Amino acid sequence: MAFQFEVLQIDPSGARLGRLTTPHGVIETPAFMPVGTAAAIKGLPQATLEELGVQILLANTYHLFLRPGHELIRELGGLHKFMSWPHPILTDSGGYQVFSLSGLRQVTDDGVTFRSHLDGSEHFLSPEKAIEIEIALGADIIMVLDECIETPADHESASKAAARTLNWARRCRDYFATHGDAARQSLFGIVQGATHSDLRLANADQLVDLDFPGYAVGGLAVGEPHAVTCEITAEVTSRLPAEKPRYLMGVGRPEHLGDYILRGIDMMDCVLPTRSARHGYLFTHQGRLLIKNARYAKDPRPIDEQCKCPVCARYSRAYLRHLFLANEILASILNTHHNLYFYLDIMRQIREAIRLRHLARFCSDLQARLDNEPS
RNA sequence: GGACGGGUGGGUGAGUGGCUAAAACCAGCAGACUGUAAAUCUGCCGCUCCUUGCGGGCUACGGAGGUUCGAAUCCUCCCCCGUCCA
């Protein structure tokens, strides 16, 4: 069986230790998935990602459809081969672009009409079209097209978006059933409903009826308070089948990863480590460090004295600050390397903490340390 | 020696009588970033005072004088830089 999800251990808190088997390898969960929108983690080559222990990458349907085109990637043997990443890949559907490109798109029940952010040309993405593209790309896990809306959203518009998302999920599932290959790819449904519990619960229940091999929670961490994100996440996971993987989309800050896992989440992805790195925002065990700050001009210490990453082993804050201010590409590379190591290391520690049954304590300790700034 | 052109805030460089503490860009300082329109974006960036306000005072467009209600902007002289002619 190409796809399999096993829950190896459930913490009293609700956190799960699992193993997700895909055609391109096994993913230990809870897992953090770095985002490589255009078939690249900005700043890091694949060999480095392997050294870092990246288990699975994200890529984006919308972006790859526009450039270089899904047919071209199919011709070249699929995304794994194209980008030389023989490990698991997940493609997002373009649902997030419905949200982030709000000025460049129009949504109807049929689908989304986008104005390309590259050249302004118009493109139509229906649920079926999204799946067609995702099949061509060939990722191990593919996502249904959903409508991600802004928060706060009133009950009526959240309800409409959730209903539309559910309808699209059905269409995606049906299209995949006739055109896809379940042995090769796994299609995940996405729960929407903004911050309204009743909508979230109903949407989750109906989505579960459609029987997807995995479920995602979308439309969170888009501006609402963290406590709300946690609350909604807990409510949704309580309705999702225990034997299937749960993916909280687009999160989060490092000090919050544990909170989601404590609420039954198995997979997460976020641009924060990679984007922040390019913007000079580094994560450390003592909190955030803005490398461009004048206070680091003569600082010979590594970014994070407790960090075991190759960047911290070798480079000083003073040098990294210089690279950043001098606009050297190396700044992005090294900063990204560090931040991704930091995230993946936290995930390793979280998995270990679940194994040792002290995740809750680990998470509160982590939160206290990270909510700070290094000396 | 002569003829032109030019000297503006840390830098480049607009501005040619009031709306100018002086555009824009860069540098500098600080902040933001959550399924990537992001190596991006935002704020500050002469000194000083306070009741922090589209607040007050001071200083400022090579120097010194002058014209004017008002000058970076006009006039006079001087200093410096560039190009050309002797």
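Residue numbers (our numbering): 312 to 686. Cβ coordinates follow ideal geometry from the N, Cα and C atoms, glycine included. Computed from a predicted model, the values in this text were never measured in an experiment.
According to DSSP, residues forming a beta bridge with Glu433:
Paired residues: Arg426.
Go to Asp520, then tell me how far its alpha helix (DSSP H) extends in each direction, as first and last residue.
508-520
Own chain partners of Asp322 with C-beta closer than 7 Å, once the 5 adjacent residues on each side are dropped
Ile665, Arg668, Leu670
Can you tell me where the alpha helix (DSSP H) holding Gln496 begins and where it ends?
No alpha helix (DSSP H) contains Gln496, which DSSP labels as neither H nor E.
Would you say the beta carbon of His648 comes nearer than 7 Å to a heavy atom of the ligand COA?
Annotation note on the ligand COA: not contained in the displayed structure, which lists no ligands.
How is Tyr626 classed by DSSP in three states: helix, strand or coil?
coil
Here's the rule I'm using: 16 or more other beta-carbon atoms within 10 Å means buried, otherwise exposed. How should Ser643 be labelled?
buried
Contact check, Tyr607 vs Ala588, beta carbons under 8 Å
no
Ile452 burial status per 10 Å Cβ neighbour count (16 or more: buried)
With 16 or more other Cβ atoms from the protein chains shown falling within 10 Å of its own Cβ, Ile452 counts as buried.
Contact belief for Val346 with Asp580 at Cβ below 8 Å, rounded distance in angstroms
6 Å
I need the DSSP call for Gln503, collapsed to helix, strand or coil.
coil
Could you tell me how far apart the beta carbons of Pro584 and Phe487 are, in whole angstroms, since I believe they sit closer than 8 Å?
At roughly 31 Å, the Cβ-Cβ gap does not stay under 8 Å, so Pro584 and Phe487 are not in contact.
Using only CA atoms, which one of Pro341, Leu369, Gln597, Phe499 lies nearest to Ile352?
Ranking Pro341, Leu369, Gln597, Phe499 by CA distance to the CA of Ile352 puts Leu369 first.
Backbone CA spacing between Arg484 and Asp577 [nearest angstrom]
22 Å
Could you tell me which of Gln366, Gly561, Leu636, Glu439 sits nearest to Gly690, measuring between CA atoms?
Since the first residue shown for the chain is 312 and the last is 686, residue 690 is missing from the structure and cannot be characterised.
Start-end ranges of the alpha helix (DSSP H) lying completely within the stretch 617-670, minimum 4 residues:
621-625, 628-636, 640-666
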